[in-house]
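Residue numbers (the numbering used here): 11 to 219.
We put the beta carbon where it would ideally sit given N, CA and C, even for glycine.
Small disclaimer: the values here were computed from a predicted structure and weren't measured.
Notes follow once the structure below has been shown.
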């Protein structure tokens, strides 16, 4: 009788436990998969995105070829890789808007504190390159590259202006990600701290650059 009382009963709970496990897997992974497909497969973004700049969607890979510095020396081909890059495009004489933009880029980078080393600044001069004295004194860490040849027009055309104006007079600042993709832009009338707020979010979320 004692043996009968202690004999193991059939494991009727095992199928139920397995079903519960599969249910948990479905609950966890199905919404994640759907979100991934919608976000990346259909290039959809929620209406309430919080970026302050103009999102360039889809992002545009930059193919620079060989750019030259003001002394006609080649600049490394990986200019737009491995770091987040702020880019301004304009005449090399650097008018008032140019100086405002370059100063904003410099101050934004400094405001990132410990993350400032993850960001570089680039000035693409479309003509009259360049006011070297001003650039060397005011922006010693700025990378200045000539983009004033006919062969550079296709490269410059990658940068959208969002207005019907030539790229060299648009006065915009652009962000390029560490993979070399052009992904955001700021007009001259964008709020002063817009770029800083966006960069802080990007650097916080990014595991690259």
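When beta bridges are read from the DSSP output, residue 129 appears opposite 94. In the three-state reduction of the DSSP assignment, residue 101 falls in the coil class, being assigned neither a helical nor a strand state.
Taking the Cα of residue 140 as reference, the smallest distance to any Cα among 173, 99, 115 is reached at 99. Residue 189 and residue 92 have their C-alpha atoms some 6 Å from each other.
Inside the stretch 135–186, DSSP marks whole beta strand (DSSP E) runs of 3 or more residues at positions 153–156, 183–186, from first to last along the chain. In the structure shown, the three-state DSSP call for residue 64 is strand. In this structure, the CA atom of residue 137 is about 21 Å from the CA atom of residue 115. Collapsing the DSSP output to three states places residue 69 in a strand.
Proximity of the stretch 63–73 to the stretch 182–198 meets the contact definition, three or more beta-carbon pairs being nearer than 8 Å. For residue 112, the uninterrupted alpha helix (DSSP H) run begins and ends at 106–121, by DSSP. Apart from sequence neighbours up to five positions away, the residues of its chain that approach residue 191 with a beta-carbon distance below 8 Å are 69, 70, 71, 72, ordered along the chain. Per DSSP, reduced to three states, the secondary structure at residue 77 is coil, with no helix or strand assignment.
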